[in-house]
Amino acid sequence: MAEQVASDDKELADDVLPLPIGNMSTEYSKMEILKNLQVELEKHRMREVNEVFHNSVLADIRENGSCIIWDLVPIICQRLRGLSEFRFKTFNYCRQMLIHLTEVCNPKELLIIYLSELEKDLNLARCSKKDTNGSVQDENNDPNETIANGTNHDDTDDYEDVGDYEITDSNCFKALLKPLELILQKLPKKRNETLKSVLNSLNDHVSRLSLSAIENYDFDTDDRSKLMSDPGVKNLNSVLSMYVNFLETFVQEVDISQGDENYLFTATSVPNIQRMILLKSLLRILDYPLKHMDLFNLDGENKSKDKDTRLMNHDNGLIMPCILNDECISSRSIAIKVTKLISSLHSSFFTLLNRTDLLTTDDSSNNYDSSDIHLSPESFCSAMSVICYLLSTEGEMYSSIFFPRVYTHVYKFGVHLPYVRHLLDNNQFLIYDKGLELLKSLLDHIKVESLEVNFLDLLRQMPIEKSLISIMVFSPNKASRALALSLFRNLVYCFEPIGRYKILYSILSQPRQHSGFHGIIISMYKDLLTSNAIFQGTNLHRVVRSIINISLPCGANSDLLEKNDCIFGALNFFRYIFINDPRSVNKTRIWDILPVISETFLTPLAKALDLSRTHYKVELTKLKALKLNKMHQMANKKDNVVELTVLENKEHLKLPELTIEQEHNVIILALQNFELLESVLARLKEIAVEQAKVTTTNAGKPK
2 MAEQVASDDK ELADDVLPLP IGNMSTEYSK MEILKNLQVE LEKHRMREVN
52 EVFHNSVLAD IRENGSCIIW DLVPIICQRL RGLSEFRFKT FNYCRQMLIH
102 LTEVCNPKEL LIIYLSELEK DLNLARCSKK DTNGSVQDEN NDPNETIANG
152 TNHDDTDDYE DVGDYEITDS NCFKALLKPL ELILQKLPKK RNETLKSVLN
202 SLNDHVSRLS LSAIENYDFD TDDRSKLMSD PGVKNLNSVL SMYVNFLETF
252 VQEVDISQGD ENYLFTATSV PNIQRMILLK SLLRILDYPL KHMDLFNLDG
302 ENKSKDKDTR LMNHDNGLIM PCILNDECIS SRSIAIKVTK LISSLHSSFF
352 TLLNRTDLLT TDDSSNNYDS SDIHLSPESF CSAMSVICYL LSTEGEMYSS
402 IFFPRVYTHV YKFGVHLPYV RHLLDNNQFL IYDKGLELLK SLLDHIKVES
452 LEVNFLDLLR QMPIEKSLIS IMVFSPNKAS RALALSLFRN LVYCFEPIGR
502 YKILYSILSQ PRQHSGFHGI IISMYKDLLT SNAIFQGTNL HRVVRSIINI
552 SLPCGANSDL LEKNDCIFGA LNFFRYIFIN DPRSVNKTRI WDILPVISET
602 FLTPLAKALD LSRTHYKVEL TKLKALKLNK MHQMANKKDN VVELTVLENK
652 EHLKLPELTI EQEHNVIILA LQNFELLESV LARLKEIAVE QAKVTTTNAG
702 KPK
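The working numbering numbers the first residue of the sequence shown as 2 and each following residue consecutively.
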């Protein structure tokens, strides 16, 4: 019986097993190949990886088609993710395998796989940000309350709620650029559509590159030349240089200087459309991240320009020089190359400024199918501002066709105003610093008093003087504040006298301006007083009333410390006029309103000084008594105990109050300041009395 069963089983096996044995062996062989390759990759044994790839993977592709690549590419890309920057050999071998697959596999199939890996990078960044937000929220929430409410962050797969996220790992991006370039070159007949799809994926990655190394850099204390050696910045430069080289290949295909004779025209491959696609992508790079990076022309960069250019050239597909020499590539050289590529796609810079209707799409939701390269109006303005900055400092590097030199400097200044303001209005140092440098280069070519008063109409639409004032007052960088003040002075002096008067008077009519800046404006008006009759007479009377209003807005009850700079400026202003324009001459007509000055400024200021001095002396007496009590209390204590309290996140942190010693020093300085004000005020009154006596004496003499 047992023999019969065994015989039947053998016959059944003979009938069934031969059918699937080919598929099973093939599948088993593929799994074995992938497993061996993955193990060798994990151990960074590149010689063995090379043998497996050439002897097994390529053989399997030749025999069974490209089915294996759907599992092979994710394994290679997974090895690249998180790869140390010192694993150059591993990176190059992985990249070489991805390149070699383009020679033996279907390009359309491979394009889908490579784009899916780029999308996976974005998803991983989203997940990382989501996990970070979830962990922070879990730390702030009560675990019991979370369980009671039945909420669980792990059950949520919505990536749209993670907010802004950054990509810090670009190894896959860099490794896939050359393979994608080779694939696109094999699909020339559908160039427009395939290029859009690829660039949309690549642009998404570039727009998420991390700028934390730049954002966390302290430009006030650290030398900005050290920023280029930061690992995060070097990685950014490496990614951008490779991406720009990738775009250069397709820019050269449609270079306007070469014409369209050699271009392969089809219904889905039109050179003008390809130019538009590439132009938008290049502008997006300027908008982000190049606008946020340091593009300053550091000393010595010209010496290494040839080296930068060599490193920016295309690789031969074997070893990437920029991977090994990231420190040699500057952000500025990348930005300059991007601008040069733009000049190969569009004939004139000034006509490009007016093509916002062609280059922008208002609604990004219409781009869900990747039918177009999205470029918002804000991004276009941002990119053009960077081009303006580069052209202003490196204009001689570009052809006279793209950047004509026939326009007047005043016309160029007017054209650049929107982009100057765009840069100056940003609160990031590297961005408003570009605006300051751009404005400086424009004003350097404009002669004194060459701007007519009508130019103020354009300035009212683009009030860059307000942006300069904001930098002067709020910028933490001392050099930026000084440069902003210098540029403001130059801007005022570029106008004819009536324009200067209108600018200064408008600022003196604004009571909410910073007191220190009001003092500077008063000093500027004082310097211009004798230069032209426009600053004298009735116009001077209007200015004097404005100065009095901003110096003592509440009369005798004004805060003298808050308005200290403005009051000192006003006193020096009046003293200068009283001395240089005697009452007997009265060229400026200042003596005509002396009663107004005395009634609304000199007398209230004297009362304010008395009130403030009395108030601060009382406070000083209270502080001395408090200090004595504190000393008695400290003498009774044997030890001083330092207490440290850790507050919960929900509680507000309060700034520590001034110590008694600090308050004492503040009051002493205030009293000394009041004495100085009083001495200047007394001198001003003496001059007024002396001038009155001289006038009376001269009037009594016979003619």
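Built from N, CA and C at the ideal position, the CB exists for glycine as well.
DSSP on SER348, reduced to helix/strand/coil?
-> Under the three-state reduction of DSSP, SER348 is assigned to coil, being neither helix nor strand.
Going by CA-CA distance only, name the one from LYS413, LEU437 and HIS410 that's closest to HIS423.
-> For HIS423, the nearest C-alpha among the options comes from LEU437.
Nearest neighbour of TYR758, chosen from ASP611, ILE337, GLY556 and ILE521 [CA to CA] = A question about residue 758 goes unanswered here, because the residues of the chain that appear run from 2 up to 704.
Cβ neighbours of THR169 in the same chain (closer than 6 Å, five flanking residues each side left out) | SER211
Boundaries of the alpha helix (DSSP H) in which GLU450 is found, first to last residue = It is not in any alpha helix (DSSP H) - GLU450 carries neither H nor E in the DSSP assignment.
Taking contact to mean at least 3 C-beta pairs separated by less than 8 Å, is the segment 333-349 in contact with the segment 236-250?
-> yes
Name the DSSP beta bridge partners of LEU210, please?
-> ILE168
Euclidean distance between Cα positions of GLU691 and PRO583 = 10 Å
Would you report the Cα separation of ASP445 and ARG209, rounded to the nearest angstrom?
-> One Cα belongs to ASP445, the other to ARG209, and the distance between them is close to 37 Å.
Mark GLY260 as exposed unless 16 or more other C-beta atoms lie within 10 angstroms of its C-beta, in which case mark it buried.
-> Result: exposed.
Secondary structure at SER496, three-state DSSP: helix, strand or coil?
-> In the sequence under discussion, the amino acid at residue 496 is Phe, which differs from the Ser named in the question. The answer is strand: DSSP assigns PHE496 an E or B state.
8 Å Cβ cutoff met for ARG598 and VAL545 = In the sequence as displayed, the identity of residue 598 is Ile instead of Arg. For ILE598 and VAL545, yes; Cβs fall inside 8 Å.
Would you mind listing the beta strand (DSSP E) stretches within the segment 490-571 that are 3+ residues and don't spill past its ends, in chain order?
-> Counting whole runs of 3 or more residues, the segment 490-571 contains no beta strand (DSSP E) stretch at all.
Among HIS347, SER202, ASN238 and ILE470, the one whose alpha carbon lies nearest that of ALA214 | Of HIS347, SER202, ASN238 and ILE470, the residue nearest in Cα terms is ASN238.
Looking at C-alpha atoms only, which residue of SER85, GLN186 and TYR94 is the closest neighbour of SER171?
-> SER85
Please work out which residues of its chain come closer than 6 Å, Cβ to Cβ, to SER516, disregarding the five sequence neighbours upstream and downstream, and give them in chain order.
-> LYS564, ASP566 and CYS567
Take THR394 as the anchor and find which of THR409, LEU418, LYS441 and MET385 has the nearest alpha-carbon.
-> LYS441
Helix or strand or just coil, what does DSSP make of ARG684?
-> helix
Complete runs of the alpha helix (DSSP H) confined to the segment 407-488 [at least 4 residues] | As far as the segment 407-488 is concerned, its whole alpha helix (DSSP H) runs of at least 4 residues are 410-425, 430-444, 456-462 and 465-475.
Contact set for HIS293: own chain, Cβ-Cβ below 7 Å, skip 5 residues either direction = LEU212, ILE215, GLN429, LEU431 and ILE432
So does the segment 463-470 actually touch the segment 445-455, counting three or more Cβ pairs closer than 8 Å?
-> no
Considering ASN65, what are the terminal residues of the alpha helix (DSSP H) in which it resides?
-> That run of the alpha helix (DSSP H) goes 59-65.
Beta-carbon proximity list for GLY345, same chain, < 8 Å, skipping 5 on both sides | With the sequence shown as reference, residue 345 is identified as Ser, and Gly is not the correct amino acid for it. If we look at SER345 and ignore the five residues flanking it on each side, its Cβ neighbours are VAL252, GLN253, ASP256, ILE257 and SER258.
Candidates ARG684, LYS618, HIS542 and ASN587: which alpha carbon is nearest LEU603's?
-> ARG684
Per-residue DSSP class, three states only, for GLU86 = If DSSP states are grouped into helix, strand and coil, GLU86 belongs with coil.
What residue does the alpha helix (DSSP H) around CYS389 start on, and which one ends it?
-> Its alpha helix (DSSP H) spans residues 378-395.
On the premise that ILE535 lies in contact with TYR502, defined as a C-beta separation below 8 Å, what is that separation, rounded to the nearest angstrom?
-> Here TYR502 really is in contact with ILE535; their C-beta atoms are around 5 Å apart, less than 8 Å.
Would you report the Cα separation of ARG96 and LEU177, rounded to the nearest angstrom?
-> A direct Cα-to-Cα measurement between ARG96 and LEU177 gives close to 7 Å.
Cα-Cα separation, LYS618 to LYS628 | Spanning the two alpha carbons is a distance of roughly 15 Å.
Given a threshold of 16 other Cβ atoms within 10 Å of its Cβ, counted over all protein chains shown, does ALA609 qualify as buried or as exposed?
-> Counting Cβ neighbours within 10 Å, ALA609 comes out buried, since at least 16 surround it.
Cβ shell of SER202 (< 6 Å), same chain only, five flanking positions each side left out = LEU116 and LEU119
Using three-state DSSP, classify ASN238 as helix, strand or coil.
-> helix
What is the DSSP secondary structure of GLY260, reduced to helix, strand or coil?
-> coil
In angstroms with no decimal places, state the Cα-to-Cα distance between SER507 and PRO498.
-> 14 Å
Return helix, strand or coil for MET294, following the three-state DSSP convention.
-> coil
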